[in-house]
Amino acid sequence: VLVAAPLGKHPLQHRWALWFFKNDKSKTWQANLRLVTKFSTVEDFWALYSHIQLASKLTSGCDYSLFKDGIEPMWEDNRNKCGGRWLITLAKQQRHTELDHFWLETLLCLIGESFGEYSSEVCGAVINIRAKGDKIAVWTCEAEDRDGVTHIGRVYKERLGLSSKVVIGYQAHADTATKSGSLTKNKFVV
Amino acid sequence: EKKRYDREFLLGFQFIFASM
Chain G
159 VLVAAPLGKH PLQHRWALWF FKNDKSKTWQ ANLRLVTKFS TVEDFWALYS HIQLASKLTS
219 GCDYSLFKDG IEPMWEDNRN KCGGRWLITL AKQQRHTELD HFWLETLLCL IGESFGEYSS
279 EVCGAVINIR AKGDKIAVWT CEAEDRDGVT HIGRVYKERL GLSSKVVIGY QAHADTATKS
339 GSLTKNKFVV
Chain E
6 EKKRYDREFL LGFQFIFASM
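Chains as they are written, first to last, in the working numbering: chain G, 159 to 348; chain E, 6 to 25.
Dropping the structure here:
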């Protein structure tokens, strides 16, 4: 559904919601996850982006998530539960060299609908700031759709400017949920 | 009509709003 925008602004195909997660062990996971705001125009995206902390400046344990309005940034959401994620894992030193660039490119891919006809399969993206290594992931809604998932992966890898020697993997949420992190198998790679 | 924007178009708006 095309969201109507105020006169003079450039409407996005979708309204997007930015979420922030801050790890407070005294609270439940859900209580630590907060909706920051929603936007539906190019102008409002930049107004938001320029007023929030860069991902590289967040403390460990924090996440940003950008999801289409109506989809919550968790496996359990109906639009996510049959899906998975293209996962970018970064070395510690990349926080200061590439993390913010990769995250901004990810956001631009999402709001600009960069995946062509398969953009409708995109649910959102998540950046995890962690001491052991940061992660960025693009979440899609259907892990069994090989054509859609691999198209999104190829375009995403190209947009990040990753070398052809770098391999990125797609993991189904159903597999991630039942295995500990590094043991999750890749369903697809590009 | 689908609203698609390439990265250069989107980036063109960045510094207008960064200064507001």
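Glycine included, each C-beta is placed from N, C-alpha and C at the ideal position.
- With a beta-carbon spacing of about 6 Å, F197(G) and L206(G) fall inside the 8 Å limit used to define contacts.
- Taking every protein chain shown into account, the CB of D292(G) has 16 or more other CB atoms within 10 angstroms, so this residue is buried.
- Segment contact: the region 293-306 of chain G against the region 271-285 of chain G, three or more CB-CB distances shorter than 8 Å; contact assigned.
- For N236(G), the closest of C281(G), K323(G), P169(G) by C-alpha to C-alpha distance is C281(G).
- Rounded to whole angstroms, K226(G) and D333(G) show a C-alpha spacing of 23 Å.
- Across the region 191-206 of chain G, CB contacts with chain E closer than 7 Å involve V200, E201, W204, A205, in sequence order along the chain.
- Within chain E, no residue has its CB atom less than 9 Å from the CB of G166(G), the nearest being about 12 Å off.
- Here K337(G) has no same chain residue with a Cβ atom under 6 Å from its own Cβ, once five neighbours each way along the sequence are excluded.
- CA-to-CA, the gap between D221(G) and H309(G) works out to about 26 Å.
- Below the 7 Å Cβ cutoff, chain E contributes K8 as neighbours of L170(G), in chain order.
- What G270(G) touches in chain E, judged by beta-carbon distance under 8 Å, is R9, Y10, D11, R12, F14, L15, going in chain order.
- G327(G) is bridged by DSSP to L245(G), V347(G).
- Here the alpha carbon of F203(G) sits roughly 29 Å from the alpha carbon of T186(G).
- Linking W233(G) to H331(G) through their CA atoms gives a straight-line distance of about 6 Å.
- For L224(G), no Cβ of chain E is located within less than 8 Å of the residue's own Cβ.
- Boundaries of the beta strand (DSSP E) around Q171(G): 169-179.
- Within chain E, the C-beta atoms nearer than 7 Å to that of L266(G) come from R12, L15, in chain order.
- In the assembly as shown, Q251(G) is an exposed residue. Its beta-carbon has fewer than 16 other beta-carbons within 10 Å.
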